[in-house]
Amino acid sequence: MDIQEDISLKEYNTFGIDAKARFFCEINSIAELKQALELKGYPNLFVLGGGSNMLITKDLENLVLHINLKGIEVVSENKDEAIIKVYAGENWHNMVLWTLDHDYGGLENLSLIPGNTGTAPIQNIGAYGVELKDTFVCCEAMEIATRELKTFTKDECQFGYRDSYFKNEGLGKYIITSVSFKLTKRNHKLNVDYGAIVSELQHNGITNPGIKDVSNAVIAIRKSKLPDPKELGNSGSFFKNPVVDRQQFDNFTKLNPTAPFYKVSENEFKIPAGWLIEQCGYKGKRFGDAGVHKNQALVLVNYGNASGADIIELAEKIIESVSQNFGITISPEVNIIK
Numbered sequence: 001m002d003i004q005e006d007i008s009l010k011e012y013n014t015f016g017i018d019a020k021a022r023f024f025c026e027i028n029s030i031a032e033l034k035q036a037l038e039l040k041g042y043p044n045l046f047v048l049g050g051g052s053n054m055l056i057t058k059d060l061e062n063l064v065l066h067i068n069l070k071g072i073e074v075v076s077e078n079k080d081e082a083i084i085k086v087y088a089g090e091n092w093h094n095m096v097l098w099t100l101d102h103d104y105g106g107l108e109n110l111s112l113i114p115g116n117t118g119t120a121p122i123q124n125i126g127a128y129g130v131e132l133k134d135t136f137v138c139c140e141a142m143e144i145a146t147r148e149l150k151t152f153t154k155d156e157c158q159f160g161y162r163d164s165y166f167k168n169e170g171l172g173k174y175i176i177t178s179v180s181f182k183l184t185k186r187n188h189k190l191n192v193d194y195g196a197i198v199s200e201l202q203h204n205g206i207t208n209p210g211i212k213d214v215s216n217a218v219i220a221i222r223k224s225k226l227p228d229p230k231e232l233g234n235s236g237s238f239f240k241n242p243v244v245d246r247q248q249f250d251n252f253t254k255l256n257p258t259a260p261f262y263k264v265s266e267n268e269f270k271i272p273a274g275w276l277i278e279q280c281g282y283k284g285k286r287f288g289d290a291g292v293h294k295n296q297a298l299v300l301v302n303y304g305n306a307s308g309a310d311i312i313e314l315a316e317k318i319i320e321s322v323s324q325n326f327g328i329t330i331s332p333e334v335n336i337i338k
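Under UniProt numbering, the first residue of the sequence shown is numbered 1, with each subsequent residue one higher.
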């Protein structure tokens, strides 16, 4: 286990922010993780996965642990289902492609989401009508204080909309080492209700789609809307879609009758944040090297040399503008490191 000093994190975060880590250590096994947690004399830990859902706003005076645990295992299976265990350092999209190659269904709508598997439960990642919790069985995590592995069930993870136990009571207490999923082997339950998927399948002349067809449709949609972090620094959707109650929804739709929305429950409605931001005139706008993507107003981008502070300043302008124009508060989905 090698501990390096003053390492640039530009290649370790998808925003491409050139911040430095005071100390940096790559973790390739459970034994190395335990060993790293037992180190004395170093500053506070900072746990880094794929760096996809974070915005670094300063140099990190920490011991940064880059979780690089690899492996995918079939834990159990029958004729209908399989349970797979995926280690935290596996790239999420590559893992989804692996499931499709094995004809395991359930994750196809989550194709091309950036980042690593270990951080997915923290955020309860989701896209196109599907969330991680829909196939989640459990995850294993090492408790930092005791260096013991604990298994968390779905209930114990307390999943919410882009939320979990690990963002609240469990924040800073555990490092996820693996995630297990229950996937279908036949009679796959496809979720193609989102209009964009339907349109993409129709465009390709597919009337009886399989799980790979759905994945390919999602990939095509995401590529058309979202920039590749390798080419243009970003962290995917920067803002959560706000959920409003019935009264606020009724007031909003009276003033904005053509606005898109999704019904969450009898008293809750989700308004697309991207639509709100676009109406405020920010889509495609650039402020120095910080900007809003030209194809998707939810995505803030780094054109090359933007700092984390530049991105935050832009985000705060957008939040204020949406509030003033619509009376709706939007909040970041991205984890901001201050």
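Note that CB positions come from ideal geometry on N, CA and C, so glycine has one too. Note that the coordinates shown come from a computational prediction; the quantities given were computed from them, not determined experimentally.
Contact fails between the stretch 143-161 and the stretch 190-200, because fewer than three Cβ pairs, one in each stretch, are under 8 Å apart.
Only residues of its own chain outside the window of five on either side were considered, and among them Ala21, Phe24 have a CB closer than 6 Å to the CB of Ile7, listed in chain order.
Straight through space, the alpha carbons of Ala220 and Asn94 are spaced by roughly 16 Å. Taking 8 Å as the cut-off, the Cβ atoms of Gly233 and Thr14 count as close. As for any alpha helix (DSSP H) of minimum length 4 sitting wholly inside the stretch 129-177, the runs are 154-157, ordered along the chain. Counting only residues of its own chain and dropping the five nearest sequence neighbours on each side, Ile56 has a CB closer than 8 Å to the CB of Leu9, Asn13, Phe15, Ile17, Ala19, Gly308, Ile337. Listed in chain order, the alpha helix (DSSP H) elements of length 4 or more contained wholly in the stretch 241-327 are 246-255, 273-279, 308-326.
Asn234 is bridged by DSSP to Val301.
Nearest C-alpha to Asp80 among Phe252, Gly118, Thr184: Thr184.
Look at Ala196 here: in three-state DSSP terms it is helix.
Between Ile83 and Ser178, the C-beta spacing is not below 8 Å.
Contact between the stretch 234-248 and the stretch 322-333 is established, with three or more Cβ pairs separated by less than 8 Å.
Going by DSSP, Arg22 is part of no alpha helix (DSSP H) but of the beta strand (DSSP E) stretching over 20-27. Contact annotation: Gly274 and Ala297 have beta-carbon atoms nearer than 8 Å. Excluding sequence positions up to five before and after Gly160, its CB lies within less than 8 Å of the CB of Asn124, all in the same chain and listed in chain order. Shortest Cα-Cα distance from Pro227 to any of Leu201, Lys294, Gly71, Ile175 involves Lys294. Under DSSP, Gly126 takes part in a beta bridge, and its partners are Glu131.
A residue is called buried once 16 or more other Cβ atoms fall within 10 Å of its Cβ, and Tyr262, having fewer, is exposed. According to DSSP, residue pairing for Ile72 in a beta bridge involves Val86. Three or more pairs of CB atoms, one per stretch, sit closer than 8 Å, so the stretch 309-318 contacts the stretch 51-66. The beta-carbon separation of Leu110 and Ala88, rounded to 16 Å, does not stay under the 8 Å limit for a contact. In the structure shown, Gly106 falls within a coil segment according to DSSP collapsed to helix, strand and coil. Rounded to the nearest whole angstrom, the CA to CA distance from Lys182 to Met142 is 22 Å.
Between Gly118 and Ile67, the gap from beta carbon to beta carbon is short of 8 Å.
By a beta-carbon distance limit of 8 Å, Val292 contacts Tyr282. Their separation comes to about 5 Å.
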